[in-house]
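Here the structure is laid out as structure tokens; the discussion comes afterwards.
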Amino acid sequence: MKQWMCCALALGVSFYAGSVSASPKAMVTHNQTSMTTNAYVDGVAAPKPAMPHSTTSVPWFFVKAGCDKHVGDGICPAVIKMNIDSDSPIEVGTLYVDLHSGVISPAEISAHGFTITVNAPGEITVMEE
889 MKQWMCCALA
899 LGVSFYAGSV
909 SASPKAMVTH
919 NQTSMTTNAY
929 VDGVAAPKPA
939 MPHSTTSVPW
949 FFVKAGCDKH
959 VGDGICPAVI
969 KMNIDSDSPI
979 EVGTLYVDLH
989 SGVISPAEIS
999 AHGFTITVNA
1009 PGEITVMEE
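Just so we're aligned: the sequence shown equals residues 889 to 1017 in this note's numbering.
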């Protein structure tokens, strides 16, 4: 009986620890602007841009794969650009994504009439001012 209790306790602790530090299932972008937006890592675009007035979800394994060679201490820098369909995309700023937890920092960036707010791990909202 003691052995069963020990194993059950260890299993419960491992599930709890896994859920606390688990990364999100996807990177979610709520684009509330009239322009298409995307993230770039070392100049390479994310596989799925966020179209105007839409929500886009990219599976987390794609986020990790795209950042694989560009990570320092598990943190991936992603440059966010607007109006990517034009000859003159607008750079809003850089977000730093923790690939283990999904935490994105800074919590908010603003430039060139746009604001990007972090809602939760792996989730942002892009707004026009």
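Don't be surprised by glycine CBs; every beta carbon is placed ideally from N, CA and C.
Who are the Cβ neighbours of residue i in its own chain at under 6 Å, not counting the five residues just before and after it?
i        : result
Ala-927  : Ala-934, Ala-966 and Ile-968
Val-991  : Pro-1009
Ala-995  : Val-1006
Ile-1012 : Thr-917, Ile-1004 and Val-1006
Could you tell me which residues DSSP pairs with residue i in its beta bridges?
i       : result
Asp-986 : Ile-963
Gly-931 : None; Gly-931 has no bridge partner.
Can you give the Cα-Cα distance for residue i and residue j, rounded to whole angstroms?
i       : j       : result
Ser-942 : Glu-979 : 20 Å
Asp-961 : Asp-973 : 33 Å
Within the same chain, show all residues whose beta-carbon is closer than 8 Å to that of residue i, passing over the 5 residues directly before and after it, in chain order.
i        : result
Glu-1017 : Ser-998, Gly-1001, Phe-1002 and Thr-1003
Val-887  : The requested residue 887 does not occur in the structure, where the chain is confined to residues 889 to 1017.
Could you pull out every residue in the same chain whose Cβ sits closer than 7 Å to the Cβ of residue i, ignoring the five residues on either side in sequence?
i       : result
Met-923 : Pro-940, Met-970 and Asn-971
Val-946 : Ala-914, Met-915, Ala-934, Pro-935 and Lys-936
If you measure from the CB of residue i, is any heavy atom of the ligand SAM nearer than 7 Å?
i       : result
Gly-954 : Of ligands this structure carries none, so the ligand SAM is not represented either.
Measuring alpha carbon to alpha carbon, tell me which of the options ends up nearest residue i.
i       : options                                 : result
Asn-910 : Trp-948, Asn-919 and Gln-920            : The question names Asn, but residue 910 is Ala in the sequence shown. Among Trp-948, Asn-919 and Gln-920, the Cα nearest to that of Ala-910 is on Trp-948.
Pro-912 : Met-1015, Ser-989, Ser-993 and Val-1014 : Ser-989
Give a yes or no on contact between the stretch 982-991 and the stretch 950-966, applying the rule of three or more CB pairs nearer than 8 Å.
yes
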